[in-house]
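Working notes, structure below.
Residue numbers (this note's numbering): 1 to 291.
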């Protein structure tokens with residue numbers, strides 16, 4: 001949420017509260033993971049969908065320097081894919097003002113005293129307004145001068161982010177792709193955004209990323225490889241789903257778990273018994289297909 005009264009409380013900056021919570025969590029991990037047998041110098045940040053976009057936001061923030069060493073972006077982040085632009089906090093003040101109107105509160109103190117259920121009720125009403133005014137869901141990372149000092153696309157373009165190992169990809173029937181339809185990989189907005197990221201990394205001279213494309217059509221319906229469908233596989237939770245998974249699905253899940261865990265450990269997904277996954281370069285244009 002962005003509002004002038006919130007900006008007054010924080011030297012002119014407001015918004016991004018959820019991302020600041022994530023930074024606090026990262027700092028806690030960095031400071032304490034050694035006590036749990038972990039390595040504070042080997043932390044991987046990854047997310048899917050909105051989590052992928054917030055992971056990208058954290059990568060671009062000057063406040064996260066040294067807090068993590070590798071990134072995995074699943075179905076969200078990318079370069080020049082239309083999902084990664086940011087606007088100034090002031091552009092969202094109207095949503096904050098409408099929150100006050102809906103609540104009947106006369107001050108920030110009164111607004112903070114409202115029960116969570118009432119805030120959620122107000123928030124849901126504001127989503128429709130945000131969509132009508134071309135502001136997405138109304139709640140997204142904003143340029144606040146602290147956490148984000150410029151537009152994500154601009155920072156990506158200028159290479160204002162650390163050169164660390166990156167894995168990224170999407171699914172065959174992802175966002176903006178018809179569910180269940182057989183669509184050429186080259187027509188997927190999210191896949192093209194991932195390819196653009198890989199090209200840009202090469203242009204910057206950064207480490208070449210590992211690019212994947214999940215094509216497994218999940219059994220049980222005709223939605224294909226829909227947005228989020230890879231999560232059961234890469235988390236190894238097929239047994240928690242109603243779908244009639246086969247031994248081939250179990251095998252694919254084990255393979256993906258090996259790639260993900262190897263990357264998290266070393267920055268390289270490859271390991272014994274696995275098909276070699278080469279990073280994307282101008283020469284190789286390598287894409288690991290999960291089918």
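Ideal Cβ positions, reconstructed from N, Cα and C, are used throughout, including at glycine.
With the rule of 3 Cβ pairs closer than 8 Å, the segment 32-41 does not count as touching the segment 1-21. By the criterion of a C-beta distance shorter than 8 Å, residue 219 is surrounded in its chain by 243, 244, 245, 246 and 249, once the five residues flanking it on both sides are discounted. For residue 280, the closest C-alpha among the options 273, 274 and 289 is that of 289.
For residue 170, the beta-bridge partners assigned by DSSP are 213. Annotation for residue 64: no alpha helix (DSSP H) segment contains it, and DSSP assigns it neither H nor E.
Rounded to the nearest angstrom, the gap between the Cα atoms of residue 263 and residue 28 is 22 Å.
With fewer than 16 neighbouring CB atoms inside 10 Å of its own CB, residue 133 falls in the exposed class.
Each of 166, 190 and 168 was checked against the Cα of residue 177, and the nearest Cα belongs to 190. Taking residue 179 as the centre and dropping the five residues before and after it, the same chain places the C-beta of 173, 223, 224 and 226 closer than 7 Å to its C-beta, in chain order.
The Cβ neighbour count for residue 17, taken over all protein chains shown within 10 Å, is under 16; the residue is labelled exposed. Residue ranges of uninterrupted alpha helix (DSSP H) with 4 or more members, entirely inside the segment 215-286 and ordered along the chain, are 231-234 and 247-266.
Taking a contact as a CB-CB distance under 8 Å, the pair residue 256 and residue 209 does not count as one, their CB atoms being some 17 Å apart. The criterion of a C-beta distance shorter than 8 Å is satisfied by residue 89 and residue 143. Residue 229 has its alpha-carbon roughly 26 Å from the corresponding atom of residue 272. DSSP places residue 70 in the strand class (E or B) of the three-state scheme. Under the three-state reduction of DSSP, residue 6 is assigned to helix. Close CB contacts of residue 98 within its chain, under the 8 Å cut and outside five residues either way in sequence, are with 126 and 129 (chain order).
When the beta-carbon positions are compared, residue 213 and residue 170 come within less than 8 Å of each other.
With 16 or more other Cβ atoms inside 10 Å of its own Cβ, residue 75 counts as buried. Taking all protein chains shown into account, residue 25 has fewer than 16 neighbouring C-beta atoms within 10 Å of its C-beta and is therefore exposed.
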